[in-house]
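Numbering (this note's numbering), first residue to last: 3 to 95. C-beta atoms are modelled at their ideal positions from N, C-alpha and C, and glycine is treated no differently. Below: one structure, written as structure tokens.
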């Protein structure tokens, strides 16, 4: 998997963790882990193919869940945290 895809997945994990924490979302965590497992399975089966389209689909899923549960202001704040160079810093906010 490309470095860019890995960075995108790390950012998604931060947002998904926020959704799970805010909404007592064991379901969020379970769903996200299942999606990551499917992505990993795809990469194992087709290592020569790019997973970028699947990462993009996962991003859309996370953004849809985010928009259904948060105000526009909260979404902008999450985006600002993700824009930080180190996702560990974003996670600690």
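Considering just the uninterrupted stretch of the alpha helix (DSSP H) at residue i, what are its terminal residues?
{"i": "residue 62", "result": "54 to 71"}
Once DSSP output is grouped into helix, strand and coil, what is the label at residue i?
{"i": "residue 89", "result": "Residue placement at residue 89 is flagged as unreliable, the pLDDT there being 45, under the threshold of 50; the coordinate-derived value follows with that caveat. The answer is helix: DSSP assigns residue 89 an H, G or I state."}
{"i": "residue 48", "result": "coil"}
{"i": "residue 7", "result": "helix"}
Leaving out five residues before and five after residue i in sequence, what residues of the same chain have Cβ atoms less than 8 Å from its Cβ?
{"i": "residue 44", "result": "51, 53 and 56"}
Going by CA-CA distance only, name the one from the options that's closest to residue i.
{"i": "residue 76", "options": "41, 17, 32 and 36", "result": "17"}
Once you ignore the five residues that flank residue i on each side, which residues in its own chain have a CB closer than 7 Å to its CB?
{"i": "residue 11", "result": "57"}
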